[in-house]
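Here the sequence shown stands for residues -12 to 466, where the numbers follow my numbering. Every residue gets a Cβ at the ideal spot worked out from N, C-alpha and C, and that includes glycine. Structure, as structure tokens:
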Amino acid sequence: MSILLSHILFLAFGIVIIYLLRKEAFTGMVSIFISLASLVYALYIISIQDILINQKTDIFNIIPGIPLSFSLDYLGIIFLVISNGLWLMVSIFSERYLELNKYQNKPKFYIFFTLSMLATNGIIYSSNLLTTFVFYEILTIATYPLVTFKGDKKSIINGKKYLYYLLGTSIIFFLPAIIFTYILTGTLDYKVGGIFTSYNNTAIYILVILYLFGIAKSAVMPFHKWLPSAMVAPTPVSALLHAVAVVKSGVFIMLKVFLFIFGVDVLTQSGANIIIILFASFTIISSSFIALNQDNIKLRLAYSTIGQLSYIVLATAILAPYSILAAVLHLIFHALGKIMLFLSAGIIATQTGIKNVSEMNNLSSKLPITCLLMTIGAIIMIGLPPTIGFISKWYLLLGIMESENLYLLIVIILSTLLNASYYFPMIYKSYFEKAKFDYKSPSCEDMPLAFPVIIVGFIAVILFFKTNFIIKFITENII
């Protein structure tokens, strides 16, 4: 049996175990064990990557001539580590979070959380577009019960919007793009350098638009509204959406389509990358202005995510070696920074009842560790030294200069100023403004809740000084 397939089957087996147990007291620990085992499995796969790289395993034909097929590539290795590693952190956080917030029906939560990670790993291992599409749809369906987990009217309404946006765009745009690609090329397999041996510019332009809108999990405007709608979900689900699985799957697929379906040469020669650059730039600036006007912490972070994802899309579309390096680095660094922010927001809401920026006055006196972690995450998102966010932004700037698209410097500078404008008030209020609202006053930090965030924060800080091995891996194997 394929090692990659056995990983997927292990996660399926984990879902069955959680379902059979169905006991509130045990399912959290079982989920932690499954996520830990999945990370160990992922690390084992990476340890034998030389054997597995680009070795295809066909499972069965989805349609004649196009199989459900798995393989491992170097870009997938990076996403494999980050998604499974952060899943473990969210699993640890979830157990304590659900307990403190008195959520019921934990088995349902963990079943669909594990199914979401099964789908994410399926996307990572997909060796062709149709396999990617199958797991993309599974991920959408698996996350819907998590988005609506609270069960109130607002959750149901927003959950439907989440489902309609993601299923609608995938059926209207993504699936036709896949069919059109197969008609033009006769294959859907990912291939270094792309699969278009001949093409006309009009076809490439049409396909670029279809993929850009069809892979709506990357949240490029105007198909972004599902993401803020999903903020009604519990905090661990927000972390899943923003850092571990959903949006990261979107930009991961976008990277694979640009690099391994179109290829750098086709996008450059056709000029179709300009379409991507324009939409990504618009999304970066617009989402930053919208975030600036959000008082709700999770909504502010959601619009920040929309802009940050488009940094990755923009960096890829520039098609310069430095910018592609920046895109892959930001895939990693945004995940670390944003999970710190969302989990910190969850701690703040759980411990104090605070959900709005305007209520964060003097919060650091109550939750000093959480506020420090939130501050580190915010500075990563702004892209300031000495954080990993500065490193990816630095290479993006080098890529812009390398490609001579100097007008994009305006986009990056303006968005950085806007990012600072909506993150620094959160920091300033927490440390320097006197409290003027009454809220629950915790006697101290809840360390079981803060522990996974501390681990992520420690990794993020260390990576600033130890980024060279990641850069070397990307430059030698992906660019």
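Return the Cβ separation of residue i and residue j in integer angstroms, given the expectation that the two are a contact with Cβ distance under 8 Å.
i: L227; j: V233; result: 7 Å
i: V448; j: M327; result: Actually they do not touch by this definition, with Cβ atoms about 11 Å apart.
i: S292; j: F210; result: The question names Ser, yet the displayed sequence has Thr at residue 292. The Cβ separation is near 14 Å, so there is no contact.
i: A313; j: G386; result: 6 Å
i: A322; j: A203; result: Not confirmed; about 19 Å, so no contact.
i: T168; j: L175; result: 6 Å
i: F160; j: M208; result: Actually they do not touch by this definition, with Cβ atoms about 14 Å apart.
i: V344; j: R287; result: 6 Å
i: I2; j: I98; result: 6 Å
i: N467; j: M368; result: Nothing can be reported for residue 467, as the shown portion of the chain is limited to -12 through 466.
i: L(-8); j: I46; result: 6 Å
i: V300; j: V224; result: Actually they are not in contact, since the Cβ atoms of V300 and V224 sit about 24 Å apart, beyond 8 Å.
i: Y152; j: K235; result: At roughly 17 Å, the Cβ-Cβ gap does not stay under 8 Å, so Y152 and K235 are not in contact.
i: T222; j: L330; result: 7 Å
i: L117; j: I165; result: 6 Å
i: G294; j: S274; result: 4 Å
i: Q36; j: I65; result: Their Cβ separation, rounded to whole angstroms, is 11 Å, which puts Q36 and I65 out of contact at 8 Å.
i: Y298; j: L383; result: 7 Å
i: V134; j: A206; result: Actually they are not in contact, since the Cβ atoms of V134 and A206 sit about 15 Å apart, beyond 8 Å.
Which stretch, first to last residue, makes up the alpha helix (DSSP H) that contains residue i?
i: D37; result: Q36 to L39
i: G444; result: M434 to F452
i: Y149; result: K140 to T156
i: N348; result: Run containing N348: none; DSSP gives neither H nor E here.
i: T135; result: Run containing T135: none; DSSP gives neither H nor E here.
i: F460; result: N455 to N464
Starting from residue i, follow its DSSP beta bridges and name the residues at the other end.
i: D176; result: N115
i: F57; result: T44 and S113
i: N343; result: N283
**Prompt:** Which runs of the beta strand (DSSP E), 3 residues or longer, sit entirely within the segment -4 to 53?
**Reply:** Here the runs fully enclosed are 44 to 50.
**Message:** As an exercise, report each continuous beta strand (DSSP E) stretch of at least 3 residues that is fully enclosed by the segment 357 to 426, in chain order.
**Reply:** Taking only runs of at least 3 residues, no beta strand (DSSP E) segment lies wholly in the segment 357 to 426.
**Request:** Determine contact between the segment 86 to 97 and the segment 250 to 262, defined as no fewer than three beta-carbon pairs at a distance below 8 Å.
**Result:** For the pair of segments examined, the segment 86 to 97 was found not to touch the segment 250 to 262: the number of CB pairs separated by less than 8 Å stays below three.
**Prompt:** What alpha helix (DSSP H) runs, 4 residues minimum, are completely inside the segment 178 to 264?
**Reply:** 188 to 201, 213 to 216, 222 to 226, 233 to 243 and 251 to 257
**Request:** Kindly confirm or deny that the segment 356 to 367 and the segment 397 to 415 touch, where touching means at least three C-beta pairs closer than 8 Å.
**Result:** The segment 356 to 367 vs the segment 397 to 415: in contact.
**Request:** Flag this pair as touching only if the segment 21 to 37 and the segment 50 to 57 have three or more C-beta atom pairs under 8 Å; answer yes or no.
**Result:** no
**Message:** With a threshold of 8 Å, are at least 3 pairs of Cβ atoms found where one atom belongs to the segment 58 to 75 and the other to the segment 103 to 119?
**Reply:** yes
**Message:** Can you confirm whether the segment -9 to -2 touches the segment 10 to 25 when touching is taken to mean that 3 or more C-beta pairs between the two stretches lie within less than 8 Å?
**Reply:** yes
**Request:** Give a yes or no on contact between the segment 448 to 458 and the segment 347 to 355, applying the rule of three or more CB pairs nearer than 8 Å.
**Result:** no
**Message:** Can you confirm whether the segment 367 to 381 touches the segment 304 to 318 when touching is taken to mean that 3 or more C-beta pairs between the two stretches lie within less than 8 Å?
**Reply:** yes
**Item:** At least three beta-carbon pairs within less than 8 Å, the segment 125 to 139 to the segment 187 to 201
**Value:** no
**Asked** Would you say the segment 119 to 133 touches the segment 97 to 107, given that touching needs at least three Cβ pairs under 8 Å?
**Response** yes
**Prompt:** If we count Cβ pairs, one from each stretch, closer than 8 Å, do we get three or more for the segment 390 to 405 versus the segment 332 to 342?
**Reply:** no
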